[in-house]
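Enquirer: Residue numbers (full-length UniProt numbering), protein chains in the order written: chain A, 1 to 66; chain B, 1 to 251. Yeah, the Cβ is synthetic: ideal placement off N, Cα and C, and Gly gets one too.
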Amino acid sequence: MKAQVNGTSRDLAEGTSVAAVVTLVGAPSSGVAVALDGAVVPRALWDRTIVPDGGVVEVLTAVQGG
Amino acid sequence: MDDPLIIAGREFRSRLITGTGGAANLSVLERALVASGTELTTVAMRRVDAAGQTGVLELLRRLGIEVLPNTAGCRTSAEAVLTAQLAREALETKWVKLEVVHDEETLLPDPVELLDAAERLVNDGFVVLPYTSDDPVLALKLQDIGCATVMPLGSPIGTGLGIRNPHNIELITSRASVPVVLDAGIGTASDAALAMELGCSAVLLATAVTRAQDPERMGAAMRCAVEGGRLARLAGRIPQRFWAQASSPGL
Numbered sequence: 001m002k003a004q005v006n007g008t009s010r011d012l013a014e015g016t017s018v019a020a021v022v023t024l025v026g027a028p029s030s031g032v033a034v035a036l037d038g039a040v041v042p043r044a045l046w047d048r049t050i051v052p053d054g055g056v057v058e059v060l061t062a063v064q065g066g
Numbered sequence: 001m002d003d004p005l006i007i008a009g010r011e012f013r014s015r016l017i018t019g020t021g022g023a024a025n026l027s028v029l030e031r032a033l034v035a036s037g038t039e040l041t042t043v044a045m046r047r048v049d050a051a052g053q054t055g056v057l058e059l060l061r062r063l064g065i066e067v068l069p070n071t072a073g074c075r076t077s078a079e080a081v082l083t084a085q086l087a088r089e090a091l092e093t094k095w096v097k098l099e100v101v102h103d104e105e106t107l108l109p110d111p112v113e114l115l116d117a118a119e120r121l122v123n124d125g126f127v128v129l130p131y132t133s134d135d136p137v138l139a140l141k142l143q144d145i146g147c148a149t150v151m152p153l154g155s156p157i158g159t160g161l162g163i164r165n166p167h168n169i170e171l172i173t174s175r176a177s178v179p180v181v182l183d184a185g186i187g188t189a190s191d192a193a194l195a196m197e198l199g200c201s202a203v204l205l206a207t208a209v210t211r212a213q214d215p216e217r218m219g220a221a222m223r224c225a226v227e228g229g230r231l232a233r234l235a236g237r238i239p240q241r242f243w244a245q246a247s248s249p250g251l
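(1) Report the neighbours of B:A90 on chain A: residues whose CB is nearer than 7 Å to its CB, in chain order.
(2) Does DSSP put B:N70 in a helix, in a strand, or in coil?
(3) In the structure shown, what three-state DSSP assignment does A:T8 receive?
(4) Which residue or residues does DSSP assign as beta-bridge partners of B:I6?
(5) Can a CB atom of chain A be found closer than 8 Å to the CB of B:M45?
(6) Tell me the DSSP bridge mates of B:A80?
(7) Quick one: grab the DSSP three-state call for B:Q240.
(8) Assuming the contact rule is C-beta atoms closer than 8 Å, B:V180 and B:I172 should be a hit. Round their C-beta distance to whole Å, please.
(9) Which word fits B:S36, buried or exposed, when buried means at least 16 other C-beta atoms lie within 10 angstroms of its C-beta?
(10) Who are the Cβ neighbours of B:R15 in its own chain at under 8 Å, not counting the five residues just before and after it?
(11) Would you mind stating whether A:V59 and A:V21 have Cβ atoms separated by less than 8 Å?
(12) With a 10 Å radius around its C-beta and 16 neighbouring C-beta atoms as the bar for buried, classify A:G15 as buried or exposed.
(13) Compare the Cα-Cα distances from A:G31 to each of B:A221, B:V34, B:D3 and B:T93 and report the closest residue.
(14) Are the CB atoms of B:I157 and B:L107 nearer to each other than 8 Å?
(15) Give me the subset of the region 96 to 108 of chain B whose CB atoms are less than 7 Å from a CB atom of chain A, sorted by chain position.
(16) Determine the closest residue to B:T71 out of B:V81, B:P215 and B:N165, with distance taken between C-alpha atoms.
(17) Run through DSSP, which three-state label would B:T38 get?
(18) Looking at C-beta atoms only, is the number of pairs between the region 143 to 150 of chain B and the region 31 to 49 of chain A that lie closer than 8 Å three or more?
(19) Counting Cβ pairs, one atom from each stretch, are 3 or more of them under 8 Å apart for the region 59 to 70 of chain B and the region 37 to 45 of chain B?
(20) Among residues of its own chain, excluding the 5 on either side of B:S190, which ones have a beta-carbon nearer than 6 Å to its beta-carbon?
(21) Verify whether the separation of the beta carbon atoms of B:V128 and B:V137 is less than 8 Å.
(22) Return the CA-CA distance between B:L161 and B:D183, expressed in angstroms with no decimal places.
(23) What are the boundary residues of the alpha helix (DSSP H) that includes B:K141?
(24) Quick one: what's B:R46 bridged to in DSSP?
(25) Express the C-alpha separation of B:A118 and B:H167 in angstroms, rounding to a whole number.
(26) Since B:A32 and B:E216 should fall inside the 8 Å C-beta cutoff, what is the C-beta to C-beta distance between them, to a whole number of angstroms?
(27) Just tell me which of B:E99, B:F126 and B:D3 has its CA closest to the CA of A:G65.
(28) Mind reading off the beta-carbon distance from A:A3 to A:G38? Whole number of angstroms is fine, and I expect it under 8 Å.
(29) Just to confirm the assignment, what range does the beta strand (DSSP E) spanning B:P166 have?
(30) Going straight from the alpha carbon of B:S27 to that of B:R211, what length do you get?
(31) Are the C-beta of A:R43 and some C-beta of chain B separated by less than 8 Å?
(32) With the cut-off set at 8 Å, would you say B:A220 and B:T188 are in Cβ contact?
(33) At a cut-off of 7 Å, is A:D11 close to the ligand GTP when judged by its beta-carbon and the heavy atoms of the ligand?
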């Protein structure tokens, strides 16, 4: 199945969790947040939240700015 | 003299809030932040980049500086609300510098989207510090819906044009009951001092320091300017006069 991860189309196995996507993009262990289809997924739910086919995942962190 | 800045019940000794954007590297940024004496500093939220992280969070934590996430780059209320919620999740803070800009050329706040986003975020329990235009009416509306500060611009972001409408800033400071933070447009130390003399409670700046030829020295200059301007405001300046008035006794 396919999902959009940080703006890039990715082939993911069925049942891929948000936690797995966070690892996939190489996110650091802290200071990270995830939105799935435009809604925040709390960190406590990353393991059991499954990315649906065609899902849009954004993995964000803090950078220099402002 | 004990004269803390208080935002949403939290005390800061420094009245200078800084940004982290524009610095050539983290080492330059660190020296500038330390020299500025800031205790509250903004960061932006962006996609995790496979090329690696910036390390800005680790730097701020090491320096004991509070992190203030912003919603820079957002153009609609919905985008800004989601970005603030992501920042809260990632950084474990309910504080947010709310930015909703209308277009890339001016980076001026979109007042309609801004007010809507501010209201949603206040209702969601955020401590909202909105970047706003220098419109005194909009500033009061932002205060009335529950924003923790109002942060009017002096001039557009990154221009260094200083405070283009000092009277508007003074109208805002004379009527606001929440702290007024002059945000954006500061070019050099005299601009920061003027903001404080006009009654602002703090100054927020980034580019003026991070893109100065010597960011560390400009950080120190801004620290002094904000302190000097605050003291002058509290001291009460003399009225301006048309004719000279001798300061020495007559012969």
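Expert: Reading off the structure:
(1) Think of a sphere of 7 Å around the beta carbon of B:A90: the chain A residues whose beta carbon falls inside it are G31, V32, A33, L60, T61 and A62, in chain order.
(2) Strand, per DSSP.
(3) Three-state result, A:T8: strand.
(4) B:E11, per the DSSP bridge assignment.
(5) Answer yes: the Cβ-Cβ gap between B:M45 and chain A drops below 8 Å somewhere.
(6) Looking at the DSSP assignment, B:A80 forms no beta bridge with any residue, so it has no partner.
(7) B:Q240: coil per DSSP, three-state reduction.
(8) So it is a contact: roughly 6 Å between Cβ atoms.
(9) So B:S36 ends up on the buried side.
(10) The answer, listed in chain order, is L5, M196, S201, A202, V203, V226, E227 and R230.
(11) Their beta carbons are under 8 Å apart, which means A:V59 touches A:V21 by this criterion.
(12) Exposed.
(13) Cα-wise, what sits closest to A:G31 is B:T93.
(14) Annotated as proximal: B:I157 and B:L107, with beta-carbon spacing under 8 Å.
(15) Within the region 96 to 108 of chain B, the residues whose Cβ lies closer than 7 Å to any Cβ of chain A are, in chain order, K97.
(16) Looking at B:V81, B:P215 and B:N165, the one whose alpha-carbon comes closest to that of B:T71 is B:V81.
(17) Looking at B:T38 - three-state DSSP - the assignment turns out to be coil, as it is neither helix nor strand.
(18) Taking a cut-off of 8 Å on C-beta distances, the region 143 to 150 of chain B does not touch the region 31 to 49 of chain A, as fewer than three cross pairs fall below it.
(19) Contact between the region 59 to 70 of chain B and the region 37 to 45 of chain B is present: three or more C-beta pairs spanning the two stretches fall below 8 Å.
(20) If we look at B:S190 and ignore the five residues flanking it on each side, it has no Cβ neighbours.
(21) Contact flag unset, no.
(22) Distance between the alpha carbons of B:L161 and B:D183 is about 12 Å.
(23) From DSSP, the alpha helix (DSSP H) with B:K141 extends over P136 to D144.
(24) DSSP lists A:T61 as partners of B:R46.
(25) Cα to Cα, B:H167 sits roughly 25 Å from B:A118.
(26) Your pair B:A32 and B:E216 checks out as a contact, with CB atoms roughly 5 Å apart and the cut at 8 Å.
(27) The shortest Cα separation from A:G65 among B:E99, B:F126 and B:D3 belongs to B:E99.
(28) With a Cβ gap of about 14 Å, A:A3 and A:G38 do not count as contacting.
(29) Run containing B:P166: none in the beta strand (DSSP E); it sits in the alpha helix (DSSP H), P166 to R175.
(30) The C-alpha of B:R211 is placed about 14 Å away from the C-alpha of B:S27.
(31) Closer than 8 Å to some Cβ of chain B, the Cβ of A:R43 qualifies, so yes.
(32) No; because the gap between Cβ atoms is not below 8 Å, this pair is not in contact.
(33) Ligands in the displayed structure: none, and consequently the ligand GTP is not present.
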